[in-house]
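Okay, so the sequence shown: first residue is 0 according to numbering that gives the first Met the number 0, each after it adds one. Every residue, glycine too, gets a C-beta built ideally from N, C-alpha and C.
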Amino acid sequence: MIHVFGHQSPDSDSICSAVIAAHWLNHRGFDAHAFRPGEASRETQFIFDAAGLELPPLLDKPLKGEKVYLVDYCEQEQGPEDLPEAKIVGLVDHHRLGTLQSTGPLEAWMMPLGSTASVLHELYQIHGAELTQPLAVLMLAALLSDTVGLKSPTTTPRDVELVSLIAPIAAVDVEQFTADLLVAKTDLNGLNVTELLNKDVKSFEFGGKALTVGQLELADFSQTDDLVDELQAGLEQVVADNGKDVAVLMLTNIRSEQTRLLVAGSAAAMLRDAKDGDMVFENCLSRKKQMLPWLNGVFTA
Ligand SMILES: [Mn+2]
């Protein structure tokens, strides 16, 4: 059996893509099953409800010696601790070629598109897999979520095309669906500081520095204004507990397309200096395409 799953602290693209990829692998004759390596967000739950599908089960078993197929990441630090002992048979991704190493040969499908779901659309075409209505809902939603409704600079012309190709199969009104999706995406009501810090966090290593980079997508900064001190204290704790050099949290207003950055850790001063202490980034929605290259530049300069 092949275990198909995305990165820790899973977002909608990684959970939807695991399900879409498992069907594609089934179509190709493999016994593949989708899993989620963590709790689903409200947005992800909204998407599965809209598709009329159950969330895939939680991945909570040892992976030593097991066959795994990864979606939406290829960084060792973003996988389960025992991933190095698993047999990675393939991956589908739309990020940089990361730190992951495999023990044997594997198939790797990577394209610089707006979502892993977009790459999977192309793979469905290549292998003649049938895109059913529920799967089209997952694919469309993952694409719209990862590209923040096609507004993120990660959006490519092909992604725009894909929305108009997939929407009729998904049988949804794109404008309304996008609006509902973004409401679910930015709904932080009732989440405590720890849950906010863990909601969407990824680990990286740049220039010998170990980082965590979290992101909260907001409809308005007032959602976190009263929590900034607690979030900052939480980041200091993350650094202390996990031996990181720096912990970063992006507070991203998806309407004004501004990102406010909270930073903690021994290397945080390098970031403040690089920005002359003004930690507000204009026109900044994307961790992958905007924040990570900036962080990488500061730490490898
Ligand atoms: Mn993605």
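Residue side-chain check: Ser13 places its Cβ nearer than 7 Å to a non-hydrogen atom of ligand 1. For Val147, the three-state secondary structure derived from DSSP is coil. With a 10 Å radius around the Cβ and a threshold of 16 neighbouring Cβ atoms, Thr193 comes out exposed.
Where Met249 is concerned, the enclosing beta strand (DSSP E) starts and stops at Val245 to Asn252.
For Arg259, the three-state secondary structure derived from DSSP is strand.
Contact check between the stretch 4 to 22 and the stretch 97 to 105: fewer than three CB pairs, one atom from each, fall below 8 Å, which does not count as touching.
Annotation note: the stretch 173 to 213 contains the following uninterrupted alpha helix (DSSP H) runs of length 4 or greater, listed N- to C-terminal: 173 to 184 and 192 to 197. When DSSP states are grouped into helix, strand and coil, Asp228 belongs to the helix group. Per the DSSP secondary-structure output, Tyr68 pairs in a beta bridge with Val3 and Gly89. Apart from sequence neighbours up to five positions away, the residues of its chain that approach Leu294 with a beta-carbon distance below 8 Å are Phe203, Phe205, Leu210, Val212, Val247 and Leu270, ordered along the chain. The C-beta distance from Ala33 to Val3 rounds to 5 Å, short enough to fall under 8 Å.
Following the DSSP letters along the chain, one finds Met109 inside the beta strand (DSSP E) bounded by residues Glu106 to Met109. Residue state for Ala31 is assigned as strand, using DSSP reduced to three classes. Contact between the stretch 84 to 96 and the stretch 58 to 74 is present, with at least three C-beta pairs closer than 8 Å. For a cut-off of 8 Å, the C-beta gap from Leu190 to Lys201 is around 18 Å, too long to register as a contact.
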